[in-house]
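Every letter in the sequence shown is one number past the one before it in the UniProt record's numbering, and letter 179, counting from 1, is 179.
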Amino acid sequence: MMTKQDIFDIILFIILLIVSTLLVFEKTPTHTISIAPQRVTMNFHLYAQNLTINGTVDPPCNRTQDIYICSGYCPWSNTHNDKLIACSFLPRILHPDFVKLRIYCTPEPDSCPTYDAWLKDTLPPTLEHIKRIPYSLYANFTLDFSIPVRYGLQNFLTDDILPRNWTNEEIEKYRMQLQQRMNYGLNKNKDIYLALDKYASIAVINKSCAVIGAEYPWIEAALLEYNASMVTTIEHATIFSNVTRLKTITPRAFAQKQQSGTRSREFFDSVWSYSSLEHDGLGQYRDPLNPYGDLQTMTKIACILRPGGFLFLGVPLNIKDHLQYNLYRLYGPIRLPLLYRYFHIVEVLGATVGKDIYSNEIQPFVVLQNKVGCKRS
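Below, the structure is given as structure tokens:
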């Protein structure tokens with residue numbers, strides 16, 4: 001027999017599904033990216049966005065109201081038989097900068113809830129250096145002119161990314177640094193120890209982990225050192241590896257695999273990404289020019305991560321949003337809540353939020369839990 005809570009959840013889900021359908025026909029943005037809508041499946045994402053976590057729902061975001069934003073959705077669910085499951089969410093540890101900047105908020109429903117986020121990998125690559133944002137996409141990149149753009153120093157990958165080879169010797173070098181508690185990683189700090197020491201038992205040990213974007217295997221080595229059962233790296237460059245419990249794949253090949261059928265799909269207990277998403281969609285690495293590339297990648301992560309699973313995300317945090325075209329984004333009170341749309345913010349580890357808009361070096365790990373696939377807690 002269904003409880004009152006079960007009936008409430010069903011009614012809420014139906015209402016959200018109707019709202020998402022109406023948005024497709026009624027919301028007419030002044031500036032849109034040309035994207036063909038796809039078929040609608042069970043809308044876990046809209047339900048997850050408004051999910052009650054430990055008895056509370058974050059208040060509405062007030063900086064992105066009525067702005068066209070395309071995060072998209074995933075055409076399959078991350079649960080068995082498309083049924084929501086009970087998830088255990090850790091209590092939030094409030095960060096003073098996040099409170100002051102009002103990062104803890106719920107964005108408006110996505111403007112293109114029927115766009116398959118996995119199609120971002122099929123968009124045409126950027127074959128030549130585009131030095132300025134095309135006029136037709138400027139409003140999309142700046143979220144209706146709310147985020148300033150700075151030109152100047154730029155970069156463009158003119159040649160194909162050469163294949164790389166990750167060896168046991170390279171992994172062991174990183175593991176030795178970990179064992180000696182040395183400054184570690186891209187920015188040579190101790191932030192990763194804060195994550196591993198506190199969360200390894202529930203997110204790494206004997207768990208299946210994925211790493212999104214990795215030029216060097218420092219995160220992979222850390223996960224192997226802390227006894228992950230398997231580590232999968234999803235990286236644009238072709239990487240060859242003979243390291244035990246470590247496999248690599250390109251985003252395009254991974255997308256094809258995930259979409260080819262239920263038997264080939266992979267789901268992970270935790271996902272790790274550091275200094276990667278802020279470049280997504282800017283064309284620097286010949287990736288497709290896509291104003292919402294980072295947001296759509298977060299949607300993709302939400303549907304390969306198990307319900308309630310952990311995402312350890314490092315992107316440049318700042319008190320002000322900024323776009324240094326074509327290098328990176330700085331995430332502040334406007335875009336950051338959109339990035340976290342489908343995730344419960346647990347805590348910020350390490351450094352505080354940056355204040356220098358000319359620097360992207362402050363990238364603490366933020367601990368997030370996936371709300372997609374979870375029912376009301």
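For every residue, glycine included, the Cβ atom is placed at its ideal position computed from N, Cα and C.
Since the model is a prediction, treat every value here as computed from it, not as a measurement.
TODO: Inspect the beta-carbon positions of Glu-278 and Arg-329 and report whether they are closer than 8 Å.
DONE: If you number the sequence shown from 1, residue 278 lands on position 278. If you number the sequence shown from 1, residue 329 lands on position 329. In terms of Cβ geometry, Glu-278 and Arg-329 form a close pair [threshold 8 Å].
- [ ] Inspect the beta-carbon positions of Leu-327 and Asn-155 and report whether they are closer than 8 Å.
- [x] The residue labelled residue 327 in the question sits at position 327 within the sequence shown. The residue labelled residue 155 in the question sits at position 155 within the sequence shown. Their beta carbons are under 8 Å apart, which means Leu-327 touches Asn-155 by this criterion.
Open item on the list: Can you tell me where the alpha helix (DSSP H) holding Val-298 begins and where it ends?
Closed with: Within the sequence shown, numbered from 1, the residue matching residue 298 stands at position 298. Contrary to the premise, residue 298 reads as Met rather than Val in this sequence. Note, Met-298: alpha helix (DSSP H), 293–304.
- [ ] Return helix, strand or coil for Val-367, following the three-state DSSP convention.
- [x] The count along the sequence shown starts at 1 and reaches residue 367 at position 367. If DSSP states are grouped into helix, strand and coil, Val-367 belongs with the strands.
Open item on the list: With H, G and I counted as helix, E and B as strand and the rest as coil, what does DSSP make of Glu-172?
Closed with: In the sequence shown, the residue the question calls residue 172 occupies position 172. DSSP places Glu-172 in helix when its eight states are reduced to three.
Task: Coil, strand or helix - Ile-18 by DSSP - done: Your numbering for residue 18 matches position 18 in the sequence shown. Model confidence at Ile-18 stands at a pLDDT of 44, short of 50, so the residue's coordinates are unreliable and nothing is read from them.
- [ ] Give the DSSP-derived three-state secondary structure of Pro-251 in the structure shown.
- [x] In the sequence shown, counting from the first residue as 1, residue 251 sits at position 251. Pro-251: helix per DSSP, three-state reduction.
- [ ] Would you kindly work out how many angstroms separate the C-alpha atoms of Val-57 and Gly-261, rounded to a whole number?
- [x] As a working note, residue 57 is residue 57 in the sequence shown. As a working note, residue 261 is residue 261 in the sequence shown. Taking the straight line from one Cα to the other gives about 34 Å.
Task: Residue burial classification, Phe-98 (beta-carbon count within 10 angstroms, cutoff 16) - done: As a working mapping, residue 98 is identified with position 98 in the sequence shown. So Phe-98 counts as buried.
- [ ] Give me the Cα-Cα distance between Ile-147 and Val-243, rounded to the nearest whole angstrom.
- [x] If you number the sequence shown from 1, residue 147 lands on position 147. If you number the sequence shown from 1, residue 243 lands on position 243. Roughly 43 Å separates the two Cα atoms.
- [ ] Using beta-carbon positions only, say whether Lys-375 and Ile-85 come within less than 8 Å of one another.
- [x] As a working note, residue 375 is residue 375 in the sequence shown. As a working note, residue 85 is residue 85 in the sequence shown. Yes, the Cβ-Cβ distance between Lys-375 and Ile-85 is below 8 Å.
Open item on the list: Within the continuous beta strand (DSSP E) that includes Glu-347, where are the two ends?
Closed with: Residue numbering aside, residue 347 sits at position 347 when the sequence shown is read from its first letter. From DSSP, the beta strand (DSSP E) with Glu-347 extends over 343–348.
Task: Inter-residue Cα distance where the pair is Asp-280 and Pro-333 - done: Residue numbering aside, residue 280 sits at position 280 when the sequence shown is read from its first letter. Residue numbering aside, residue 333 sits at position 333 when the sequence shown is read from its first letter. Taken atom to atom, the span from the alpha-carbon of Asp-280 to that of Pro-333 is near 19 Å.
Task: Segment contact, 8 Å Cβ cut-off, at least three pairs: the region 132–147 with the region 289–305 - done: Enough Cβ pairs lie closer than 8 Å, so yes.
TODO: Assign Lys-120 to buried or exposed, taking buried as 16 or more other Cβ atoms, counted over all protein chains shown, within 10 Å of its Cβ.
DONE: Along the sequence shown, one-based indexing puts residue 120 at 120. Around the beta-carbon of Lys-120, 16 or more other beta-carbon atoms lie within 10 Å, marking it buried.
TODO: Please state whether DSSP places Ser-129 in a helix, a strand or coil.
DONE: Walking along the sequence shown from the start, residue 129 turns up at place 129. For the sequence presented, residue 129 should be read as His rather than Ser. The answer is coil: DSSP assigns His-129 none of H, G, I, E or B.
Task: Distance, Gln-49 Cα to Ala-302 Cα - done: Counting from one through the sequence shown, the residue named residue 302 turns up at place 302. Counting from one through the sequence shown, the residue named residue 49 turns up at place 49. Roughly 11 Å separates the two Cα atoms.
- [ ] Could you pull the start and end residues of the beta strand (DSSP E) that Leu-323 belongs to?
- [x] Within the sequence shown, residue 323 is the residue found at index 323, counting from 1. For Leu-323, the uninterrupted beta strand (DSSP E) run begins and ends at 322–324, by DSSP.
- [ ] To the nearest angstrom, report how far apart Phe-310 and Gly-185 are at their CA atoms.
- [x] Mapped onto the sequence shown, residue 310 falls at position 310. Mapped onto the sequence shown, residue 185 falls at position 185. If I take the Cα positions, the gap works out to 20 Å.
Open item on the list: Distance check for Gln-284 and Tyr-325, CA to CA, integer angstroms please.
Closed with: As a first step, residue 325 is located in the sequence shown; it is residue number 325 there, counting from the start. As a first step, residue 284 is located in the sequence shown; it is residue number 284 there, counting from the start. In this structure, the straight-line span from the alpha carbon of Tyr-325 to that of Gln-284 is close to 9 Å.
TODO: Identify which residue in Asp-356, Arg-150, Leu-368 and Lys-188 has its Cα closest to the Cα of Trp-218.
DONE: Within the sequence shown, residue 218 is the residue found at index 218, counting from 1. In this structure, Lys-188 is the residue among Asp-356, Arg-150, Leu-368 and Lys-188 with its C-alpha nearest to the C-alpha of Trp-218.
TODO: Counting only the same chain and skipping the five closest in sequence on each side, list residues whose C-beta sits under 6 Å from that of Phe-365.
DONE: To locate residue 365, count along the sequence shown from 1; it is residue 365. Within the same chain, Phe-365 has close Cβ partners Asp-191, Ala-195, Phe-312, Gly-314 and Leu-349.
Open item on the list: Going residue by residue through the region 162–214, where are the continuous beta strand (DSSP E) segments of at least 3 residues, counting only ones entirely within it?
Closed with: As far as the region 162–214 is concerned, its whole beta strand (DSSP E) runs of at least 3 residues are 164–166 and 208–212.
Task: 8 Å Cβ cutoff met for His-45 and Thr-299 - done: Your numbering for residue 45 matches position 45 in the sequence shown. Your numbering for residue 299 matches position 299 in the sequence shown. Taking 8 Å as the cut-off, the Cβ atoms of His-45 and Thr-299 count as close.
Task: Residue span of the beta strand (DSSP E) that contains Phe-240, given as start and end - done: Translated into positions along the sequence shown, residue 240 becomes position 240. That run of the beta strand (DSSP E) goes 239–241.
- [ ] Tell me, please, which residues DSSP counts as bridged to Trp-218.
- [x] Against the sequence shown, residue 218 aligns to sequence position 218. According to DSSP, which records beta bridges pairwise, Trp-218 is partnered with nothing at all.
- [ ] For Glu-225, collect the residues of the same chain with a Cβ closer than 6 Å to its Cβ; drop the 5 residues on either side in sequence, then sort them by chain order.
- [x] Locating residue 225 in the sequence shown gives position 225, counting from the first residue. So the qualifying residues of the chain are Arg-175 and Leu-178.
- [ ] With a threshold of 16 other CB atoms inside 10 Å of the CB of Lys-93, please say whether the residue is buried or exposed.
- [x] On the sequence shown, position 93 is the one that residue 93 refers to. The sequence given here places Ile at residue 93; Lys does not occur at that position. Looking at its Cβ environment, which holds fewer than 16 other Cβ atoms inside 10 Å, Ile-93 is exposed.
TODO: Would you kindly check if the distance between the Cβ of Ile-133 and the Cβ of His-344 is under 8 Å?
DONE: Translated into the one-based positions of the sequence shown, residue 344 becomes position 344. Translated into the one-based positions of the sequence shown, residue 133 becomes position 133. With contacts defined by Cβ atoms closer than 8 Å, His-344 and Ile-133 do not form a contacting pair.
- [ ] Mind checking who Tyr-331 pairs with in its DSSP beta bridge?
- [x] Start at 1 with the first residue of the sequence shown, and residue 331 comes out as number 331. Leu-317, per the DSSP bridge assignment.
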